[in-house]
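Peer 1: This is the structure I have questions about; it appears just below.
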Amino acid sequence: MKRITLVAVLLAVLATGCSQFQEKSSSGGNSAPGDMTAGSAAPQAAPRAEGESKDKDLIADEKTFSPGGAPQPAQKKTAAKIIKTANLEIRVEDYASSRKTVQQRVDARQGYFQSEQESNDGYRLQNSLTIRVETGQFDPLVDELAGIGSYVHHKNINAQDVTEEFVDLETRLKTKREVEQRYIDILRRANSIPDILSVEGALRQIREEIEAKEGRLRYLSDQVGYSTIHLVMYQQLDHQAEPG
């Protein structure tokens with residue numbers, strides 16, 4: 002009887018020790034390497050909830066969509082995207098000669114005129130020009146145009162950092178193209194007409210969103226690659242009253 006009681010006590014102690022070890026392991030407690038027994042099993046992943054689908058959502062959230070659930074690689078740092086704009090107003094002594102000089106300076110910097118508006122009210126002969134030039138030639142050209150004038154009314158330069166918007170557009174565009182590919186795959190497997198029409202509608206919408214973001218990205222790329230100079234140049238005229 003005593004032997005049976007002793008065996009029972011030993012079994013109870015062993016059971017208690019195993020229970021404490023399992024609780025310690027599951028709670029993330031620190032254990033010495035020697036505490037892990039050879040027969041211990043590795044913790045198992047939580048089972049998928051009943052009815053949960055591997056492809057949970059038909060329409061993926063563009064912020065959280067990750068194909069295959071695989072971790073996405075870290076994005077490499079994007080170079081700063083800066084849109085530079087200048088507003089310059091100068092007075093010249095000889096409008097015709099100065100206009101030719103402006104043309105020469107712009108051509109030498111491989112820029113071009115986007116628009117030009119000339120006016121003459123009898124008091125002032127003026128031309129408002131919009132000039133586009135590669136960003137690397139922007140600062141030298143602004144200084145050269147300012148040097149043409151006999152008097153500079155104002156020279157304002159603005160630099161707009163659009164790096165964050167640029168990166169956001171690229172990321173969203175990549176995600177939407179991945180969603181588009183999912184819709185195409187689903188469309189191939191669709192069997193009924195209602196399913197086909199539903200997926201085609203979603204596909205048309207995502208493609209419109211892709212086109213819109215591609216257009217915005219092209220615009221930003223153009224503005225970053227080519228800076229803009231708004232130049233106003235004028236010559237003051239000696240006004241003569243017209244005969245009555």
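Be aware that the sequence shown starts at 2, since it is given in my numbering, and climbs by one per residue.
Every residue, glycine too, gets a C-beta built ideally from N, C-alpha and C.
(1) Could you tell me whether the Cβ atoms of isoleucine 132 and valine 107 are closer together than 8 Å?
(2) On a CA-only basis, which of Ile185, Glu117, Arg183, Gln224 is nearest valine 233? Give me that one, please.
(3) What's the C-alpha gap between isoleucine 158 and aspartate 122?
(4) Excluding five sequence neighbours on each side, which residues of the same chain lie with their C-beta closer than 8 Å to the C-beta of isoleucine 149?
(5) If I follow the unbroken alpha helix (DSSP H) through aspartate 144, where does it start and stop?
(6) Please look up how many angstroms separate the CB atoms of leucine 271 and histidine 231, rounded, as I've assumed it's under 8 Å.
(7) Under a Cβ-count criterion, where at least 16 other Cβ atoms within 10 Å of its own Cβ denotes burial, should serine 222 be classed as buried or exposed?
(8) If we ignore side chains and look at the alpha-carbon of each, how far apart do leucine 1 and arginine 178 end up?
(9) How would you label glutamate 51, buried or exposed, when you count the other beta carbons within 10 angstroms and need 16 or more for buried?
(10) Beta strand (DSSP E) containing valine 233: first to last residue?
(11) Please report the straight-line C-alpha distance between glutamine 115 and leucine 130, rounded to a whole angstrom.
(12) Buried or exposed: which applies to tyrosine 227, given that a residue is buried once 16 or more other Cβ atoms fall within 10 Å of its Cβ?
(13) Quickly, what does DSSP pair aspartate 162 with across the bridge? List them, please.
(14) Assuming tyrosine 1 contacts isoleucine 207 under a Cβ cut-off of 8 Å, what Cβ separation, rounded to an integer in Å, is found between them?
(15) Please work out which residues of its chain come closer than 6 Å, Cβ to Cβ, to proline 44, disregarding the five sequence neighbours upstream and downstream, and give them in chain order.
(16) Starting from tyrosine 113, follow the beta strand (DSSP E) in both directions and report where the run begins and ends.
(17) Which same chain residues, not among the five before or five after glutamate 181, have their C-beta less than 8 Å away from its C-beta?
(18) Output yes or no for whether 8 Å exceeds the beta carbon distance between valine 225 and threonine 79.
(19) For glutamine 236, count neighbouring C-beta atoms within 10 Å of its own C-beta (all shown protein chains included) and say buried if the count is 16 or more, exposed if not.
(20) For serine 129, which of helix, strand or coil comes out of DSSP?
(21) Using a Cβ-Cβ cut-off of 7 Å (strictly less than) and excluding sequence neighbours within five positions of glutamate 165, which residues of its own chain qualify?
(22) In whole angstroms, give me the CA-to-CA distance for lysine 175 and lysine 214.
(23) Please list the terminal residues of the continuous alpha helix (DSSP H) segment that includes tyrosine 96.
Peer 2: In this structure, then:
(1) Start at 1 with the first residue of the sequence shown, and residue 132 comes out as number 131. Start at 1 with the first residue of the sequence shown, and residue 107 comes out as number 106. A contact, by the Cβ cut-off of 8 Å.
(2) For the purposes of this step, residue 233 is taken as the residue at position 232 of the sequence shown. Among Ile185, Glu117, Arg183, Gln224, the Cα nearest to that of valine 233 is on Glu117.
(3) Taking the first residue of the sequence shown as position 1, residue 158 is located at position 157. Taking the first residue of the sequence shown as position 1, residue 122 is located at position 121. If I take the Cα positions, the gap works out to 29 Å.
(4) Counting from one through the sequence shown, the residue named residue 149 turns up at place 148. So the qualifying residues of the chain are Ile91, Val93, Ser99, Thr102, Val103, Arg106, Met234.
(5) Numbered from its first residue, the sequence shown carries residue 144 at position 143. Where aspartate 144 is concerned, the enclosing alpha helix (DSSP H) stretches over 136-149.
(6) Because the chain in this structure spans residues 2 to 245, residue 271 falls outside the shown range and cannot be described.
(7) In the sequence shown, residue 222 corresponds to position 221, counting from 1. Under this definition serine 222 is an exposed residue.
(8) Missing from the structure shown is residue 1; the chain here goes from 2 to 245 and no further.
(9) By 1-based counting over the sequence shown, the position of residue 51 is 50. Note that glutamate 51 scores 44 on pLDDT, short of 50, meaning its location in the model is unreliable; the coordinates nonetheless yield the value given after this. Glutamate 51 should be labelled exposed.
(10) Position 232 of the sequence shown, counted from the start, is the residue given in the question as residue 233. Unbroken beta strand (DSSP E) run through valine 233: 227-237.
(11) Start at 1 with the first residue of the sequence shown, and residue 115 comes out as number 114. Start at 1 with the first residue of the sequence shown, and residue 130 comes out as number 129. Answer to the nearest angstrom: the Cα atoms are 8 Å apart.
(12) Within the sequence shown, numbered from 1, the residue matching residue 227 stands at position 226. Buried: at least 16 other Cβ atoms inside 10 Å.
(13) Here residue 162 refers to the residue found at position 161 when the sequence shown is read from its first residue. Note: aspartate 162 sits in a beta bridge opposite Ile83.
(14) Nothing can be reported for residue 1, as the shown portion of the chain is limited to 2 through 245.
(15) Position 43 of the sequence shown, counted from the first residue, corresponds to residue 44. Low confidence applies to proline 44: its pLDDT is 42, below 50, so where it sits in the model is not reliable, and the reading given next is rough at best. Hits under 6 Å: none found.
(16) As a first step, residue 113 is located in the sequence shown; it is residue number 112 there, counting from the start. 113-121 is the extent of the beta strand (DSSP E) around tyrosine 113.
(17) The residue labelled residue 181 in the question sits at position 180 within the sequence shown. These residues qualify, in order along the chain: Leu204, Ile207, Arg208, Ile211.
(18) The residue given as residue 225 occupies position 224 in the sequence shown. The residue given as residue 79 occupies position 78 in the sequence shown. Contact flag unset, no.
(19) Taking the sequence shown and counting its residues from 1, one reaches residue 236 at position 235. It counts as buried.
(20) Translated into positions along the sequence shown, residue 129 becomes position 128. Serine 129: strand per DSSP, three-state reduction.
(21) Within the sequence shown, residue 165 is the residue found at index 164, counting from 1. The answer is none, since no qualifying residue turns up.
(22) Along the sequence shown, read from residue 1 onward, the residue named residue 175 stands at position 174. Along the sequence shown, read from residue 1 onward, the residue named residue 214 stands at position 213. Cα to Cα, lysine 175 sits roughly 10 Å from lysine 214.
(23) Within the sequence shown, the letter at position 95 stands for residue 96. Per DSSP, tyrosine 96 belongs to the alpha helix (DSSP H) from 96-109.
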